[in-house]
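Here is the structure we will look at.
Protein chains: 2
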Amino acid sequence: MSTVLQVCARAKAAAPEVAAASAAVRDGALHAMAAALDDAHPRILESNARDLEAARAHDHPAALLDRLTLDTARLGAVADALRALSDLPDPVGQVVRGSTLPNGLQIRQVRVPLGVVAMVYEGRPNVTVDAAGLALKSGNACVLRGSSAAIHSNTALAEVLRAGLCAQGLPADAVCLIPDTSRASVKELTRARGLVDLLIPRGGAGLIQAVVGDTQVPVIETGVGNCHVYVDAAADLAMAERITRNAKAQRPSVCNAAETLLVHAGIADTFLPRIGEALRQDGVTLRGDERAQALAGAEPAGDADWDTEYLDLTLAVRVVYSLDEAVAHIARHGTRHTEAIVTGDRAAARGFVAAVDAAAVMVNASTRFTDGGEFGFGAEIGISTQKLHARGPMGLPELTTTKYVVEGDGQVRE
Amino acid sequence: MSTVLQVCARAKAAAPEVAAASAAVRDGALHAMAAALDDAHPRILESNARDLEAARAHDHPAALLDRLTLDTARLGAVADALRALSDLPDPVGQVVRGSTLPNGLQIRQVRVPLGVVAMVYEGRPNVTVDAAGLALKSGNACVLRGSSAAIHSNTALAEVLRAGLCAQGLPADAVCLIPDTSRASVKELTRARGLVDLLIPRGGAGLIQAVVGDTQVPVIETGVGNCHVYVDAAADLAMAERITRNAKAQRPSVCNAAETLLVHAGIADTFLPRIGEALRQDGVTLRGDERAQALAGAEPAGDADWDTEYLDLTLAVRVVYSLDEAVAHIARHGTRHTEAIVTGDRAAARGFVAAVDAAAVMVNASTRFTDGGEFGFGAEIGISTQKLHARGPMGLPELTTTKYVVEGDGQVRE
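One line per chain: the protein sequences are P and Z, in this order.
Residue numbering for the first sequence follows my numbering, starting at 4 and increasing by one per position.
Residue numbering for the second sequence follows my numbering, starting at 4 and increasing by one per position.
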C-alpha cells in the first residue's frame, strides 16, 4: 500500500471515534488545538522560516512569499478561528426532516459526518488549521495534502494539531498530513476509493482540473471564478462604478473578484469613459472590444480574454446590446460561480436572476460577497462551483451527509 | 461528435426552456404525456411484442421476460403515475433558506433544476416513462439509455412522450432516448462533461460499477443492497420472525430485501430452528455458519456468501456474540443501503443506530421500507447508496440544485 493510501487508511480508522465523539468533546479538542498552537509559535515559525528560505532560493514571486508567511499575528488569528468554530452550532445530529407514517413508522433524517474529508490545497499554511478545524467540528477525520512550498510549516502545524487532539482524548489520526507533495500523491488520493468520502481541491484551475477530470472518489469542485458584472441600461452609474471597482480591485487575487465587465450599449457612451478613468486610478488594466477601446481606453482584447480568470488587476470589458446578449455571454464564458447585474429595472433584475446559471447571482451588490463569512455561515471550507451536494459557499452542514432512522414496533410491508 | 454526445447536446439545448417553464406548463405536459400514452397502446404493445419475441429467441429467463412485458394494465399504471406526479409539490423555486445580513443584503437559497439528468437502466421499459416524468416535474431535460432488450418498447414510449411535450409547447428534446444500446454508449455518457449535469445508473452491480468507477460527469450511485437483519438477544422472537420473512421473501429481487441474517448467540438455540422452519415454508434456501447449519438446517456458507446480494430466495445466516460483532460484520460486508435491528432493548437500538453507517437504519421494522413511496415522497428515481447530495430514496428535491440570489442596493465589501 502506498504512503498516501496508508495515511488515508489511518484517517479512516480514526473516523468512527471522531463521529461518535460528543459535541462537547469535539469543541474541547478545538480549544486544545488552539492552545497547542499558542504554545508552539517558536517551533512553527522556525519551520515556516525554512519554507520561506527555500521559496526565496527558488525565486518564487512576492505574492507567494506573502501567502506562505506566518507570524505571531497570523498564528494568533488561526487559533482564534478554531475557538470561534467551537461556538458555532453543531451540525451533527441535526434532524433535517421527519414524519410519522400512517403505519406508525417514525422516520427522521439525521445529519451524520461524512467520514474522511480529504483536501488538496496550495500556498497558505493556515488552510491546514482551518480545514482540520472544520473537519473536526463536523465530526470528520481529515487527510490534508498541502503544497511542497509549505511542507515544513504544514508538518509543524499538523503535529501541533495532533497533540491538541490527543490532549482531549481523540485519536491523533483524526488529522493526517500527507508527507508526499508530488503530483503523483494527488493522483493517488483520487484513487483512494472506500477510504476517502469527500475530496476537495482548493487552488488554481490546473489543480482542480487534475482532480476533477479523473477521480474515483467523490469530489467537490471549488473556486474557479470567471465572474461578470453586467451594467444594465437602467443602472445607477455611481452604484455601477462603486460595485465594479469593488468587484475588481478590492482583492483581485480571489475567486469572487470580477474578471469581465459587460456594459449595455445604451449607457456605454457615458459609463465607459467614467469607469475607465476610475479603474485606471485603481491600477487596473482594461482589455476591451472596439467600443471599450474607444471609450474607456482599453487595450484590444483577444478571444482568450473572455475566458480568463486574471486574478490580478486586469479586467475584460465588452459592450452588449441587450440583457439577453449579456446572459448569453455569461452562459458561454462564465464558470457558474458569481454573476452580478447593476440595474434599477425590476424586470431586468428578475430576468437576469432567472436566466443566469451560477452558484450566486447578485443584484446591485458586489461579486465579492460570495463568501461563507459574508453569508453568515461562520466558517467556510471553499466555494463549490458544482451543482451536486453543495453549491456556493460551503459551511459545516455541507461537510455532513444524512442517515434515515426508521423506528417501528414490528411493521412489515404488505 | 458521437451519436451519444449529439443526443446529450440536444437535451442540453432544450434544458433552459424546461427550466424556465412554469409549474403549470410542466404539470400540463405530464398530463399531455399521460394522454398520449393512453392513445398509443396499440403502437407501444406492438413494439413491445418485438422485444419479447427477440428475448424469447435469445432464451432470456422468465423473470426478464416478465419485467420486459407491457400490457394495457401496466401502461395505464405508468400514465396514472405521470398524473399523480403532477399533483406533487413543485420543487423548483422553493426557498431553502434565507436571511437579511446586517449590511442590508437579502440572501435566499432557491431550488433550481440541475439541467440535464441522464439515466442508464436495465430491463423494465416503464422506467423510461417514470424517469422522463420525474425529470420534467423537477424542471430538467433528460437523456435516457435503456437496455438493448427493451429498445423497441423504449423507442415507442419516448416518441409518445415527446409528442406529449410538443402538444404542450415544450421542446421534444426535453426527453431524449439514446438509440445506441452498446456498452460503449454508457462509457460515452460518462464522458459527456458539460452536457450532463447528473448521471444515475440504475441496475445491477456490474452496470453501476462500470459507471461509477470511471466517470467525468457527476454520478449518483443507486441500488446495490447487501442488507442485514440483526436479531438481538432482547428481540421479540415473533416480531423477529415476521420481519426476517418480510425482509427476505416478500419481494426478494429488489435492493432493499435482506441478504444476511445475524442472530445473537443468546437466542440462537430458540430462534434459529424457528426461523429455519419458517423460511423453508417461504421457499428460502439458507447458507450459514456452523451453528446455523446445526440449528436452522442451513447449507454451509462460503466466504463469498457474506458479500453476495442474492436478489432471490437465498439468505446467509450467521451467529454473532455481541452487538459490536454484528456492527463489525455489517461494516465489513454491508453496502451502506439498509440495515435493521430487532430488539426490545433501548440501549441496543440506540447503539446500533449510532454505529451503523448506512442510508437507512431500521429499528423493529422490515428493510423493505426503504423506498420513496413508503417514505411518503410520492415519487422516487432511485435509492442512493452514496453520501454526497442524496442518500437513501431520492425524490424530486434530489433532482434539483440551488442558487443563491443576493439582492442589495449598491453594497460593496470593505
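Beta carbons are placed, not taken as given, at the ideal position from N, Cα and C, and that holds for glycine.
Owing to the predicted nature of the structure, the values given are computational and were not obtained by experimental measurement.
Classified as buried, R29 of chain P has 16 or more neighbouring CB atoms from the shown chains inside 10 Å of its CB. Taking a contact to require three or more Cβ pairs closer than 8 Å, the stretch 262 to 281 of chain Z and the stretch 207 to 226 of chain Z do not qualify as touching. From the beta-carbon of N367 of chain P, the residues of chain Z found nearer than 8 Å are E410, G411, D412, G413 and Q414. Neighbours of D315 of chain Z in chain P, taken as residues whose beta carbon is under 7 Å from its own, are absent, since the nearest beta carbon is some 18 Å off. If you check the CB distance, A32 of chain Z and L139 of chain Z come in under 9 Å. DSSP places G337 of chain P outside both helix and strand once states are collapsed to three, so it counts as coil.
A distance below 8 Å between beta-carbons, with the five flanking residues on each side excluded, links Q296 of chain Z to the following residues of its chain, in chain order: E302 and P303. DSSP places M365 of chain Z in the uninterrupted beta strand (DSSP E) bounded by A363 to A368. The beta carbons of Y407 of chain Z and R59 of chain Z sit no closer together than 9 Å. Contact of Y407 of chain P with chain Z is assigned, a C-beta pair being separated by under 9 Å. Following the DSSP letters along the chain, one finds T103 of chain Z inside the beta strand (DSSP E) bounded by residues V98 to T103. If you compare the alpha carbons of P:E125, P:T338, P:V120 and P:G126 with that of G136 of chain P, the shortest gap goes to P:V120.
The residues A343, in chain order, have a CB closer than 6 Å to that of M365 of chain Z in the same chain once the five nearest residues on each side in sequence are set aside. Counting other Cβ atoms within 10 Å of its Cβ, M397 of chain Z reaches 16 or more and is therefore classed as buried. The Cβ atoms of L201 of chain P and I181 of chain P do not sit closer than 9 Å to each other. In the structure shown, R114 of chain Z adopts extended strand secondary structure according to DSSP, grouped into three states. Rounded to the nearest whole angstrom, the C-alpha separation of A76 of chain Z and A195 of chain Z is 37 Å. Taken atom to atom, the span from the alpha-carbon of L275 of chain P to that of D327 of chain P is near 20 Å. Shown in chain order are the members of the stretch 366 to 389 of chain P whose Cβ falls below 9 Å from a Cβ of chain Z: V366, N367, A368, S369, R371, F372, T373, D374, E377, F378, G379 and Q389. Listed along chain Z, no residue sits closer than 7 Å to S151 of chain P by beta-carbon distance, the nearest being about 27 Å off. Between L104 of chain P and chain Z, the shortest Cβ-Cβ separation is below 9 Å. Chain order gives the chain P residues near L201 of chain Z as K390 and L391, where near means a beta carbon separation below 9 Å. Collapsing the DSSP output to three states places Q219 of chain P in coil. Annotated three-state conformation of E377 of chain Z is coil, per DSSP.
Judged by DSSP in its simplified three-state form, P396 of chain Z adopts strand. At least 9 Å separates the CB of M122 of chain Z from every CB of chain P. In the pairwise beta carbon analysis, the stretch 381 to 392 of chain Z is classified as not touching the stretch 332 to 347 of chain P: fewer than three pairs are separated by under 8 Å. What L108 of chain P touches in chain Z, judged by beta-carbon distance under 7 Å, is A368 and F372, going in chain order. Sequence-distant partners of V81 of chain Z (beyond 5 residues in either direction) whose C-beta falls short of 6 Å from its own C-beta, in its chain, are N129 and V132. Listed in chain order, the non-local C-beta contacts of L91 of chain Z below 8 Å within the same chain comprise K140, G381, A382 and L399, local neighbours out to five positions each way being set aside. Here DSSP, grouped into helix, strand and coil, assigns H61 of chain P to coil.
DSSP places S89 of chain Z in the uninterrupted alpha helix (DSSP H) bounded by T75 to S89. One thing to note: L318 of chain P has its Cβ within 9 Å of the Cβ of V287 of chain P. Distances from the CA of Y324 of chain Z to each of Z:N157, Z:G269, Z:E125 and Z:H155 were compared; the closest alpha carbon is that of Z:G269.
Between S50 of chain P and the set P:A187, P:C169, P:D74 and P:A38, the nearest pair of CA atoms involves P:D74.
Residue state for R29 of chain Z is assigned as helix, using DSSP reduced to three classes.
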